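Enquirer: Please see the structure below; I have some questions.
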Amino acid sequence: MIGTKLLGSLNFEEASPIKNILIVPIVAIALCTSLVFARAAEPVGTKRIINNFLPGSVTKDEGLRYWRKFHEVASHPRCSNCHVGPDNIPMWSGSSYGETRPHGMKINAGKSRIGAETLLCAACHTSLKKPNPAANAPLHSPPKVTGIWGLAPVSAAWFGMSSNHICNQIKDPQRNGNRSIRDVAAHLGHDAVLRWAWSPGGNREPPPRTLQEAMDNLMKWAAAGAPCPGE
Ligand code: HEC
Ligand code: HEC
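Reading the sequence shown from the start, the letters are residues 1 to 231 in the working numbering.
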């Protein structure tokens with residue numbers, strides 16, 4: 001049922017045979033490239049490190065301040081455009097897109113979150129062998145990373161969510177991929193998408209401050225007992 005709905009939203013039933021002939025090999029090639037390159041992602045960052053802060057060394061008020069800094073990153077379009085809910089529709093938001101709107105071309109990532117049901121994200125967001133800012137430089141080109149491009153899990157939906165909601169999600173192992181906050185910070189440090197976010201190309205803006213500072217802010221927040229604004 002959901003499949004029919006997704007197909008409908010891409011108007012496949014109206015696609016001419018010629019379009020089908022073109023789409024099938026494009027998707028197949030993109031799938032193969034993304035599988036080959038998925039393992040070629042950069043190794044755990046050499047320049048980014050996890051700094052430890054002793055539990056209790058940061059007060060609750062300071063902890064809330066560090067959370068707010070991290071929230072400015074999590075709610076930034078470079079993150080929230082992919083961290084969307086169960087409608088599986090990526091967003092186009094941020095100053096380079098003008099008005100906030102759903103991804104053009106009726107893209108829907110489906111339950112797979114990578115577009116496997118209809119058109120793979122990788123058909124346009126091809127995987128890079130190694131980080132290459134030139135590949136993302138042209139205006140309005142589909143962003144490319146050294147990994148598979150797709151939506152974050154529904155449990156980590158941030159778009160349009162409150163700071164308190166995102167705060168509670170990030171520290172909840174049931175909803176964050178069974179991670180400690182340290183694991184989350186480490187994930188940020190070695191994730192290919194995160195590296196792209198800080199050098200996104202085109203005229204897209206990166207999130208505020210640096211990736212290292214985002215990791216430090218999470219760790220300082222954890223040292224304060226990970227307080228959330230609603231507590
Ligand atoms: C291309 C889409 C995309 C973008 C852009 C993106 N993410 Fe993600 N994110 C994902 C996917 C896919 C996962 C699941 C992979 C995993 O957990 O290893 C994920 C998982 C996460 C997680 C894991 C923990 C959790 O809460 O589930 C964190 C933290 C995270 N992203 C932070 C960020 C931040 C911060 C940014 C912006 C700087 C960002 N992401 C931008 C796709 C994206
Ligand atoms: C037909 C080509 C095409 C397909 C397929 C496609 N995209 Fe895109 N995507 C683009 C283009 C082009 C842009 C950049 C548009 C611009 O900058 O004006 C983009 C931008 C994005 C952005 C915004 C990134 C940012 O923050 O600037 C997200 C998120 C995104 N795509 C997610 C996806 C996901 C998830 C899929 C698979 C379900 C997907 N896209 C499939 C072409 C595509």
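Cβ coordinates follow ideal geometry from the N, Cα and C atoms, glycine included.
Note that the structure is a prediction, hence the values are computed from the model and not measured.
1) Of the residues A226, W221 and H190, which one's Cα is nearest the Cα of I49?
2) Classify H140 as buried or exposed, calling it buried when 16 or more other Cβ atoms lie within 10 Å of its own Cβ.
3) Let me know the secondary structure DSSP gives M161 once reduced to three states.
4) From this set, L64, A224, R113 and C228, which residue's C-alpha is nearest D87's C-alpha?
5) Enumerate in chain order the residues of its own chain whose CB-to-CB distance from S57 is below 8 Å, with the five nearest sequence positions on each side excluded.
6) Just checking Q169 against ligand 1 - is the residue's beta carbon closer than 8 Å to any of the ligand's heavy atoms?
7) Using DSSP bridges, identify the partner residues of R78.
8) Is W158 close to ligand 2? I mean its beta-carbon at under 8 Å from any heavy atom of the ligand.
9) Please specify which runs of the alpha helix (DSSP H), each continuous and at least 4 residues long, are wholly inside the region 141-197, giving them in chain order.
10) Could you spell out where the alpha helix (DSSP H) holding E213 opens and where it closes?
11) DSSP puts M91 in a beta bridge; with which residues?
12) Check whether the region 99-111 touches the region 188-203, taking contact to mean three or more Cβ pairs, one atom from each stretch, closer than 8 Å.
13) Can the beta-carbon of P142 be found less than 9 Å from the beta-carbon of R195?
14) Nearer than 8 Å: is that true of the beta carbon of H103 relative to any heavy atom of ligand 1?
15) Enumerate in chain order the residues of its own chain whose CB-to-CB distance from V44 is below 6 Å, with the five nearest sequence positions on each side excluded.
16) Helix, strand or coil for P208 per DSSP?
17) Apply the 10 Å Cβ neighbour rule to L120 and answer buried if 16 or more other Cβ atoms are within range, or exposed otherwise.
Expert: Inspection of the coordinates gives the following:
1) Ranking the options by Cα distance to I49, first place goes to H190.
2) With fewer than 16 other Cβ atoms within 10 Å, it is exposed.
3) Three-state result, M161: coil.
4) That would be R113, whose Cα lies nearest to the Cα of D87.
5) Closer than 8 Å at Cβ, skipping near neighbours: A223.
6) Result yes, Cβ under 8 Å from ligand 1.
7) According to the DSSP secondary-structure assignment, R78 is paired through a beta bridge with no residue.
8) Checking the Cβ of W158 against ligand 2 gives no.
9) Qualifying alpha helix (DSSP H) stretches, in chain order: 163-170, 181-190 and 192-197.
10) Where E213 is concerned, the enclosing alpha helix (DSSP H) stretches over L211 to A223.
11) Bridge partners of M91: P102.
12) When Cβ pairs closer than 8 Å are counted between the two stretches, the region 99-111 is seen not to touch the region 188-203, the count staying below three.
13) No, the pair does not count as a contact, with Cβ atoms beyond the cut-off.
14) Not so, every heavy atom of ligand 1 lies at least 8 Å from the Cβ.
15) Note that V44 scores 37 on pLDDT, short of 50, meaning its location in the model is unreliable; the coordinates nonetheless yield the value given after this. So the qualifying residues of the chain are H190.
16) For P208, the secondary structure class from DSSP, reduced to helix, strand or coil, is coil.
17) That one is buried.
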